[in-house]
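**Q**
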Amino acid sequence: MSFLSLQIFFPFLCGMLLLFLPSSKQKYIWNITIGIAAVTFLMSLMLWTQFDFLIPTIFQWEERFDWIQKYGVYYHIGVDGLGLVMVTLSSFLTLIALYLSRNSIQKRVKEFAFSMLMLETAMIGTFCALDLFLFYVFWEIVLLPMCILIGVYGGEKRMYATKKFFVYTLFGSLFMLVGLIALYNINMTNHGMVSSSLVDMTLMKVPASQQFWLLIAFLLAFLIKVPVFPFHTWLPLAHVEAPMAGSVILAGVLLKMGAYGILRFAIPLFPDAMIQIAPWMIALSVVGIVFGAMMAYAQSDIKKLIAYSSVSHMGFVTLGIFSLHPTALTGAMFQLVAHGLSTGALFLMIGYIYDQKHTREMSQYGGIASVMPRYTVIFFVTTLAAIGLPGLCGFVGEFLILMGAFQSHVISSPVVIIGIAVSGVVLGAVYMLKLFEHMFLGPVTNEKNQKLKDYKWGQLIAMGALVICMVYLGIRPNSLLQILKIQHVQPVEISVVKEVRRVQ
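Position one of the sequence shown corresponds to residue 6 (the working numbering), numbered consecutively onward.
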């Protein structure tokens with residue numbers, strides 16, 4: 006087993022061993038689980054130390070062997086710059102979410118820990134898979150532990166939220182499976198060979214006349230996961246009902262899997278169809294940016310506000326992807342990380358205060374800056390990062406996306422598109438500052454809020470790590486941008502842009 010395979014399966018295998026511990030030993034279960042997550046995160050950091058940033062190879066730590074030989078299915082894994090970043094983000098957020106969930110999860114701790122570790126394995130596997138069938142397997146495995154987290158540890162409407170999340174995700178996944186089988190048969194007919202490896206399928210090149218419906222099948226799965234308007238309706242309810250750790254992983258990692266799927270598979274396999282469908286997807290993206298921002302502004306439920314803000318922010322990601330311009334694509338990849346950090350931090354903070362107040366209504370708060378100064382400072386910095394203030398991580402991705410979209414050859418009216426997108430940025434600042442004002446500024450409007458407990462040192466260190474990442478990526482974005490340039494899809498995107506110019 007290679008080191009990358011060990012990185013993938015280590016959380017799940019250790020989680021299996023956890024099931025043999027007695028349920029009454031909650032303290033030991035928590036300590037062991039956090040230790041497993043910490044080791045997994047350290048393993049992802051070890052990948053960074055061995056990653057060769059100077060060699061423009063497609064993937065590193067590749068491992069490939071026959072899985073189902075008769076049908077050309079391989080166990081094929083590897084990571085490039087984008088994959089490495091997403092693996093690290095997954096393990097980092099999982100570690101912090103587990104550490105800060107110790108006080109909020111009191112029942113069925115062992116099952117919760119196993120679900121989180123299984124989910125971590127599935128997420129890392131998704132970002133490492135280079136075989137389409139293997140990718141599909143990991144993609145589907147994510148569904149099971151996430152449904153457990155929402156359905157068992159969620160709020161009052163957890164079962165309805167779980168069913169809606171399950172149906173939406175499974176619906177899209179079935180279309181992807183149909184597209185995968187069709188792609189497999191087309192390659193067998195046209196080239197006389199069977200393989201579900203991404204490398205092999207990219208080399209075989211699907212005829213342009215057959216790409217469109219295949220792309221639609223894959224995009225349905227990816228766009229639902231992002232989610233892009235109008236496939237977003239499952240997200241607010243899932244966030245509201247999910248436990249703190251579930252919301253963090255859902256916003257910080259799972260939504261990114263849809264965008265990652267487009268970058269990793271849709272663009273290299275269906276470049277001609279991407280050109281054809283890009284204008285429509287850009288239109289949906291900017292509608293989603295404004296719609297998500299307007300819906301966020303209208304919310305009184307704090308968690309639902311952040312959920313709709315994710316719809317708006319992920320609209321920027323898809324705008325960057327479907328602009329098919331290298332600058333916008335780099336910005337979209339950067340935004341995946343920036344949004345994961347800032348929104349993950351927001352859900353962690355909302356979960357912390359909800360465990361004390363058991364309400365998410367903004368009207369129940371007010372003036373808590375004087376009661377929780379440490380919490381307030383971290384919330385304020387995270388709010389500014391989510392808004393996109395220069396000097397913090399949220400600014401860089403959005404700026405590159407807008408700049409790349411303005412230069413894109415697939416957008417016929419860039420001024421209009423950019424103008425609409427910028428209005429979403431303005432609305433984002435309005436609803437986030439409104440949230441901060443209602444919660445923290447002014448006098449304490451509810452006497453019960455005087456009893457709220459501020460962050461202790463352990464919680465402060467965990468949240469401080471997220472804040473440091475937000476500030477560092479805002480000040481030194483090149484440390485991440487140079488990594489995101491060393492990845493498989495970049496040459497393909499450049500060729501797509503050249504193809505657009507040739508067609509025009």
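Idealized CB from N, CA, C, for every residue including glycine.
Quick caveat, the model's predicted, so the values are computed rather than measured.
1. Return helix, strand or coil for Ala-134, following the three-state DSSP convention.
2. For chain D, check one thing: does any of its Cβ atoms lie closer than 8 angstroms to the Cβ of Ser-7?
3. Nearest-angstrom Cα distance between Leu-22 and Cys-152?
4. Over what stretch of residues does the alpha helix (DSSP H) that includes Gln-369 continue unbroken?
5. Quick one: any contact between the segment 306-313 and the segment 210-230, if contact means 3 or more CB pairs under 8 angstroms?
6. When DSSP builds the beta bridges, which residues end up paired with Asp-205?
7. When you compare the CB positions of Gly-88 and Phe-132, do they come within less than 8 angstroms of one another, or not?
8. Measuring CB to CB, does Gly-251 end up less than 8 angstroms from Leu-98?
9. Whole angstroms is fine: what's the gap from Gly-20's alpha carbon to Gln-31's?
10. Where does Asp-85 sit, in a helix, a strand or coil, going by DSSP?
11. Can you give, in chain order, each stretch of the beta strand (DSSP E) that sits fully within the segment 206-260 and has at least 3 residues?
12. Measure the beta-carbon distance from Thr-174 to Ile-229 and round it to whole angstroms, keeping in mind my assumption that it falls under 8 angstroms.
13. Should the segment 115-122 be called in touch with the segment 147-163, which here means at least 3 C-beta pairs below 8 angstroms?
14. From which residue to which residue does the alpha helix (DSSP H) around Ile-287 run?
15. Output the distance between the C-alpha atoms of Asp-277 and Val-316, rounded to the nearest integer angstrom.
16. Near Glu-246, which residues of its chain fall below 7 angstroms by C-beta distance, leaving aside the five closest residues on each side in sequence?
17. Are Ile-39 and Leu-103 closer than 8 angstroms when you measure CB to CB?
18. Helix, strand or coil, according to DSSP, for Ile-110 in the structure here?
19. From what residue to what residue does the alpha helix (DSSP H) around Glu-403 run?
20. Which of helix, strand or coil does DSSP assign to Thr-62?
21. So, at 6 angstroms on beta carbons, what are the nonlocal neighbours of Met-408 in its own chain, with the 5 sequence-adjacent residues on each side left out?
22. Among Tyr-76, Thr-93 and Ala-43, which has the Cα closest to the Cα of Phe-3?
23. In three-state DSSP terms, what is Glu-161?
24. Would you say the segment 360-369 touches the segment 323-342, given that touching needs at least three Cβ pairs under 8 angstroms?
25. Rounded C-beta distance between Ala-264 and Thr-335? I'm assuming under 8 angstroms.
26. Return the chain-ordered list of same chain residues with a C-beta closer than 6 angstroms to the C-beta of Gly-177, the five sequence neighbours on each side being excluded.
27. Between Tyr-141 and the rest of its own chain, which residues show a CB-CB distance below 7 angstroms, the 5 nearest in sequence each way excluded?
28. Consult DSSP for Phe-171 and reduce its assignment to one of helix, strand or coil.
29. Per DSSP, what kind of secondary structure is Val-79 in: helix, strand or coil?
30. Starting from Tyr-357 and walking both ways along the alpha helix (DSSP H), at which residues does that stretch end?
31. With DSSP run on the structure shown, which of helix, strand or coil describes Phe-327?
32. Tell me which same chain residues have a C-beta within less than 8 angstroms of the C-beta of Leu-440, skipping the five on either side of it?
33. So for Phe-140, helix, strand or coil by DSSP?
34. Please state if the CB of Pro-16 and the CB of Glu-125 are separated by a distance shorter than 8 angstroms.
35. Nearest by alpha-carbon distance to Glu-403: which of Gly-325, Pro-419 and Gly-349 is it?
36. Which residue comes first and which comes last in the alpha helix (DSSP H) that contains Leu-432?
**A** Once the coordinates are examined:
1. Translated into the one-based positions of the sequence shown, residue 134 becomes position 129. Per DSSP, reduced to three states, the secondary structure at Ala-134 is strand.
2. Among the protein chains of the structure shown there is no chain D, as only one such chain exists.
3. Here residue 22 refers to the residue found at position 17 when the sequence shown is read from its first residue. Here residue 152 refers to the residue found at position 147 when the sequence shown is read from its first residue. Those two C-alpha atoms are separated by around 22 angstroms.
4. Residue 369 sits at position 364 when you count from the first residue of the sequence shown. From DSSP, Gln-369 is part of no alpha helix (DSSP H); its letter is neither H nor E.
5. No, because fewer than three Cβ pairs between the segment 306-313 and the segment 210-230 fall closer than 8 angstroms, the two stretches do not touch.
6. Translated into positions along the sequence shown, residue 205 becomes position 200. Per DSSP, none; premise fails for Asp-205.
7. The residue you call residue 88 lines up with position 83 of the sequence shown. The residue you call residue 132 lines up with position 127 of the sequence shown. Against a cut-off of 8 angstroms, the Cβ pair of Phe-132 and Gly-88 comes out as a contact.
8. One-based indexing of the sequence shown puts residue 251 at position 246. One-based indexing of the sequence shown puts residue 98 at position 93. No, Cβ-Cβ distance for Gly-251 and Leu-98 is not below 8 angstroms.
9. For the purposes of this step, residue 20 is identified with residue 15 of the sequence shown, where counting begins at 1. For the purposes of this step, residue 31 is identified with residue 26 of the sequence shown, where counting begins at 1. Roughly 14 angstroms between the two C-alpha positions.
10. On the sequence shown, position 80 is the one that residue 85 refers to. Note: Asp-85 maps to coil in three-state DSSP.
11. Within the segment 206-260, no complete beta strand (DSSP E) segment of 3 residues or longer occurs.
12. On the sequence shown, residue 174 is found 169 positions in, with the first residue counted as 1. On the sequence shown, residue 229 is found 224 positions in, with the first residue counted as 1. Rounded, the Cβ-Cβ distance is 7 angstroms, consistent with contact.
13. Judged by Cβ distances under 8 angstroms, the segment 115-122 makes contact with the segment 147-163, as three or more pairs qualify.
14. Position 282 of the sequence shown, counting from 1, holds the residue named residue 287. First-last of the alpha helix (DSSP H) with Ile-287: 276-302.
15. On the sequence shown, position 272 is the one that residue 277 refers to. On the sequence shown, position 311 is the one that residue 316 refers to. Taking the straight line from one Cα to the other gives about 27 angstroms.
16. Position 241 of the sequence shown, counted from the start, is the residue given in the question as residue 246. Closer than 7 angstroms at Cβ, skipping near neighbours: Ile-155, Gly-159, Gly-160, Lys-162, Arg-163 and Ala-166.
17. Residue mapping note: residue 39 aligns to position 34 of the sequence shown, counting from 1. Residue mapping note: residue 103 aligns to position 98 of the sequence shown, counting from 1. Taking 8 angstroms as the Cβ cut-off, Ile-39 and Leu-103 qualify as a contacting pair.
18. By one-based count along the sequence shown, residue 110 stands at place 105. Residue state, collapsed to three classes: coil.
19. The residue labelled residue 403 in the question sits at position 398 within the sequence shown. Start and end: 398-412.
20. Along the sequence shown, read from residue 1 onward, the residue named residue 62 stands at position 57. Interpretation of Thr-62 is limited by its pLDDT of 49, a score under 50 that renders its predicted location unreliable; the figure taken from the coordinates is listed afterwards. When secondary structure is reduced to three states using DSSP, Thr-62 falls in the coil class, being assigned neither helix nor strand.
21. Numbered from its first residue, the sequence shown carries residue 408 at position 403. Beyond the five residues adjoining it in sequence on each side, Met-408 comes within less than 6 angstroms, by CB distance, of Thr-332 in the same chain, given in chain order.
22. Here the chain has residues from 6 to 509 only, and residue 3 is not among them.
23. The sequence position of residue 161 within the sequence shown is 156, counting from 1. The answer is coil: DSSP assigns Glu-161 none of H, G, I, E or B.
24. When Cβ pairs closer than 8 angstroms are counted between the two stretches, the segment 360-369 is seen not to touch the segment 323-342, the count staying below three.
25. Along the sequence shown, one-based indexing puts residue 264 at 259. Along the sequence shown, one-based indexing puts residue 335 at 330. With 8 angstroms as the limit, Ala-264 and Thr-335 do not qualify as a contact, their Cβ atoms being about 13 angstroms apart.
26. The count along the sequence shown starts at 1 and reaches residue 177 at position 172. Non-local beta-carbon contacts of Gly-177 in its own chain, meaning distances under 6 angstroms to residues more than five positions away in sequence, involve Leu-225, Ala-226 and Ile-229 in chain order.
27. Walking along the sequence shown from the start, residue 141 turns up at place 136. So the qualifying residues of the chain are Met-181, Leu-182 and Leu-185.
28. Counting from one through the sequence shown, the residue named residue 171 turns up at place 166. For Phe-171, the three-state secondary structure derived from DSSP is helix.
29. As a first step, residue 79 must be located in the sequence shown, where it is residue number 74. Here residue 79 is Tyr; the residue named in the question, Val, does not match the sequence. Tyr-79: strand per DSSP, three-state reduction.
30. One-based indexing of the sequence shown puts residue 357 at position 352. Counting along the chain, the alpha helix (DSSP H) containing Tyr-357 begins and ends at 331-362.
31. Translated into the one-based positions of the sequence shown, residue 327 becomes position 322. Here Phe-327 sits in helix by DSSP.
32. As a working mapping, residue 440 is identified with position 435 in the sequence shown. Within the same chain, Leu-440 has close Cβ partners Ile-307, Leu-310, Met-367 and Thr-388.
33. What you label residue 140 is simply residue 135 of the sequence shown in a count that begins at 1. Phe-140 falls in the helix class under three-state DSSP.
34. As a first step, residue 125 must be located in the sequence shown, where it is residue number 120. As a first step, residue 16 must be located in the sequence shown, where it is residue number 11. In terms of Cβ geometry, Glu-125 and Pro-16 form a close pair [threshold 8 angstroms].
35. For the purposes of this step, residue 403 is taken as residue 398 along the sequence shown, with counting starting at 1. Nearest C-alpha to Glu-403: Gly-325.
36. Counted from its first residue, the sequence shown places residue 432 at position 427. Element bounds for Leu-432: 419-445.
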